[in-house]
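Scroll down for the structure; my scribbles are underneath it.
Number of protein chains: 2
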Amino acid sequence: MPEPSVPLPALERMAAYMRCLMQLERENVRTVSSQEMEALTGISAAQFRKDLSYFGEFGKRGIGYDVGQLHQRIAAVLRIQEEQPVLLVGAGNLGSALIAYPGWGDYGFRIVAVFDEDPAKIGTDLRGVRIRPLRDLPQVNRDLAARIGIIAVPADQAQAVADALIDAGVTGIINFAPVKLLHPEHVIVRDVCFICELAVLSYLIHAQEAAPDGVPAQAAD
Amino acid sequence: MPEPSVPLPALERMAAYMRCLMQLERENVRTVSSQEMEALTGISAAQFRKDLSYFGEFGKRGIGYDVGQLHQRIAAVLRIQEEQPVLLVGAGNLGSALIAYPGWGDYGFRIVAVFDEDPAKIGTDLRGVRIRPLRDLPQVNRDLAARIGIIAVPADQAQAVADALIDAGVTGIINFAPVKLLHPEHVIVRDVCFICELAVLSYLIHAQEAAPDGVPAQAAD
DNA sequence: TCCTGTGAAGCTTTTCACAGCA
DNA sequence: TGCTGTGAAAAGCTTCACAGGA
Chain A
0 MPEPSVPLPA LERMAAYMRC LMQLERENVR TVSSQEMEAL TGISAAQFRK DLSYFGEFGK
60 RGIGYDVGQL HQRIAAVLRI QEEQPVLLVG AGNLGSALIA YPGWGDYGFR IVAVFDEDPA
120 KIGTDLRGVR IRPLRDLPQV NRDLAARIGI IAVPADQAQA VADALIDAGV TGIINFAPVK
180 LLHPEHVIVR DVCFICELAV LSYLIHAQEA APDGVPAQAA D
Chain B
0 MPEPSVPLPA LERMAAYMRC LMQLERENVR TVSSQEMEAL TGISAAQFRK DLSYFGEFGK
60 RGIGYDVGQL HQRIAAVLRI QEEQPVLLVG AGNLGSALIA YPGWGDYGFR IVAVFDEDPA
120 KIGTDLRGVR IRPLRDLPQV NRDLAARIGI IAVPADQAQA VADALIDAGV TGIINFAPVK
180 LLHPEHVIVR DVCFICELAV LSYLIHAQEA APDGVPAQAA D
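As they're listed, the protein sequences go chains A and B.
Those letters in the first sequence? Residues 0 to 220, per numbering that gives the first Met the number 0, in order.
Those letters in the second sequence? Residues 0 to 220, per numbering that gives the first Met the number 0, in order.
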């Protein structure tokens with residue numbers, strides 16, 4: 000009944016298309032073709048059309064796609080057409096940077112609670128959200144019922160935080176800590192390893208120098 | 000002469016292997032087999048061996064891999080065996096979080112200069128690195144000769160910053176701003192879109208609920 | 001024996017190229 | 001005509017399965 004096995008890379012591109020469509024909306028562009036999307040995103044027109052085809056028909060032959068409508072339909076596919084509550088654990092530098100990110104609302108997410116263990120931080124406000132002790136997590140999420148959690152704590156605390164989030168009913172985790180988390184099968188964990196990006200970049204730069212046409216040196220979006 | 004067209008996913012896994020090997024070194028583990036690496040990273044033993052094979056032979060048959068030696072050789076492959084200077088543009092929340100990250104040294108990177116446009120920040124210190132105005136970039140990098148730059152500024156400034164970095168000799172950019180950057184072919188740009196990760200997670204959570212065995216729901220590492 | 005390194009098979013994803021509709 | 005949607009072909013990546021050295 001749901002979409003039959005969509006390639007994961009296609010899903011990742013869907014988020015990129017949405018970003019692009021929001022930009023076009025701000026510029027009051029009404030209609031866009033797959034060709035134009037290729038110019039804007041760097042993703043080929045054929046790829047764009049194929050990606051959309053996993054989820055249905057979205058355009059008008061001979062015309063293109065209605066920008067606003069396509070935005071809405073992609074949001075519906077990604078299940079971000081209505082607000083989704085998110086829990087953030089860790090109110091250090093990274094946590095602060097995350098909560099300050101201006102795009103949450105555009106993507107239908109809202110940080111509804113922030114947790115930290117530092118007594119100096121507990122009770123204070125981070126952009127209008129009170130910081131609570133981690134032990135309050137189960138009780139707080141009984142009301143909030145958030146399914147998504149973000150781990151922004153040091154590596155040595157990450158597993159304990161993951162366990163607590165999962166106990167509290169979270170089924171999807173974005174993990175910024177540099178450790179592999181153990182978790183039950185029904186929970187989905189996505190690791191964000193930004194220094195890995197740098198390492199890959201380092202390789203690609205040097206590979207390109209050594210043989211300017213050797214490795215495709217494709218950028219990741 | 001260099002490695003003939005290594006799959007990009009293989010490169011991304013190399014960084015993950017390195018992270019795992021550093022952990023093993025801290026635990027004083029001397030030898031590791033591809034089986035054990037599978038247990039630790041979630042990446043299959045066959046995949047691990049195949050990935051390494053793109054770059055040479057690293058193990059001993061019947062024994063496994065020497066942890067320290069493998070770490071060194073992967074570092075050499077990624078060109079992070081000796082310190083690489085990195086420029087950071089943007090000293091806001093995100094920039095501060097990045098510079099506070101404790102793993103830079105482990106991966107052979109060092110932030111050698113920080114730039115920002117905010118007069119209130121210029122001249123102050125961020126973790127021992129002085130914040131300079133962006134206009135100083137060309138001159139500063141004449142000495143530092145960094146090839147890698149990180150863009151951690153708002154979307155509307157990102158293109159100008161990218162242009163400045165490229166002018167100053169940077170050939171690889173990690174872009175945290177939510178815009179597609181225009182750049183010459185010889186420059187490699189990798190976008191980090193953390194909210195895209197959340198959007199994908201949102202889809203996967205709901206897909207799994209709808210059909211617990213429909214979509215593989217594989218986590219990204 | 002144990003475990004690596006690797007060609008070949010199998011599977012996934014991307015690209016092509018064109019039918020079909022406005 | 002113009003541009004979408006999509007089977008089929010091509011390319012790319014992963015897994016298999018086993019030869020071969022310690």
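Note that CB positions come from ideal geometry on N, CA and C, so glycine has one too.
All figures in this text were calculated on a predicted structure; none of them were measured in a lab.
| Item | Value |
| --- | --- |
| Between residue 106 of chain A and the rest of its own chain, which residues show a CB-CB distance below 7 angstroms, the 5 nearest in sequence each way excluded? | 79 |
| Can we say the region 63-82 of chain A touches the region 6-21 of chain A, given the rule of at least three CB pairs closer than 8 angstroms? | yes |
| Give me the Cα-Cα distance between residue 121 of chain A and residue 117 of chain B, rounded to the nearest whole angstrom. | 30 angstroms |
| Does any residue of chain B have a CB that is nearer than 8 angstroms to the CB of residue 92 of chain A? | yes |
| Can you tell me the Cα-Cα spacing of residue 218 of chain B and residue 208 of chain B, whole angstroms? | Annotation note: pLDDT 40 at residue 218 of chain B (below 50); position unreliable, no value reported. |
| Nearest by alpha-carbon distance to residue 114 of chain B: which of B:12, B:149, B:66 and B:178 is it? | B:149 |
| Can you list the residues of chain B that residue 16 of chain A reaches, using a CB-CB cut of under 9 angstroms? | What residue 16 of chain A touches in chain B: nothing, since even the nearest Cβ is about 10 angstroms away. |
| Quick one: residues in its chain with C-beta nearer than 7 angstroms to the C-beta of residue 62 of chain A, no 5 flanking neighbours on either side, listed in chain order? | 30 |
| Taking C-alpha atoms, which residue in A:127, A:66 and A:84 lies nearest to residue 141 of chain A? | A:84 |
| Measuring straight from C-alpha to C-alpha, what distance separates residue 39 of chain B and residue 94 of chain B? | 31 angstroms |
| Can you tell which of A:111, A:124 and A:9 has the C-alpha that lies nearest to the C-alpha of residue 136 of chain A? | A:111 |
| Between which two residues does the beta strand (DSSP E) containing residue 66 of chain B stretch? | First-last for residue 66 of chain B: 66-76, but that is the alpha helix (DSSP H), not the beta strand (DSSP E). |
| Residues of the region 146-172 of chain A in Cβ contact with chain B at a cutoff of 7 angstroms, in chain order, please. | 146, 147, 170 and 171 |
| Decide yes or no for the touch test of the region 154-169 of chain A against the region 180-189 of chain A: beta carbon pairs closer than 8 angstroms, at least 3 of them. | yes |
| Counting contacts by CB-CB distance shorter than 8 angstroms, is residue 78 of chain B in contact with chain A? | yes |
| Just the Cα atoms here: how many angstroms apart are residue 86 of chain A and residue 87 of chain B? | 29 angstroms |
| I need the straight-line Cα distance from residue 41 of chain A to residue 186 of chain B, nearest angstrom please. | 15 angstroms |
| Got a sec: is the Cβ-Cβ distance from residue 201 of chain A to anything in chain B below 8 angstroms? | yes |
| Does DSSP classify residue 214 of chain A as helix, strand or coil? | Confidence in residue 214 of chain A is poor, its pLDDT being 40 and thus under 50, which makes the residue's placement unreliable; the coordinate value appears in the next sentence. The answer is coil: DSSP assigns residue 214 of chain A none of H, G, I, E or B. |
| Output, in sequence order along the chain, the residues in the region 87-116 of chain A whose CB is closer than 9 angstroms to any CB in chain B. | 91, 92, 93, 94, 95, 96, 97, 98, 99, 100, 101, 102, 103, 105, 106, 107 and 108 |
| Does the distance from the C-beta atom of residue 128 of chain B to that of residue 145 of chain B stay below 8 angstroms? | no |
| For chain A, is any of its Cβ atoms less than 8 angstroms away from the one on residue 198 of chain B? | yes |
| In whole angstroms, what is the alpha-carbon distance linking residue 204 of chain B and residue 171 of chain A? | 6 angstroms |
| Can you find the residues in the same chain that come closer than 6 angstroms, C-beta to C-beta, to residue 157 of chain B, ignoring five residues on each side of it along the sequence? | 150, 176 and 178 |
| When we look at the beta-carbon of residue 196 of chain B and count the other beta-carbons within 10 Å, is it buried (16 or more) or exposed? | buried |
| Can you tell me the Cα-Cα spacing of residue 47 of chain B and residue 28 of chain A, whole angstroms? | 47 angstroms |
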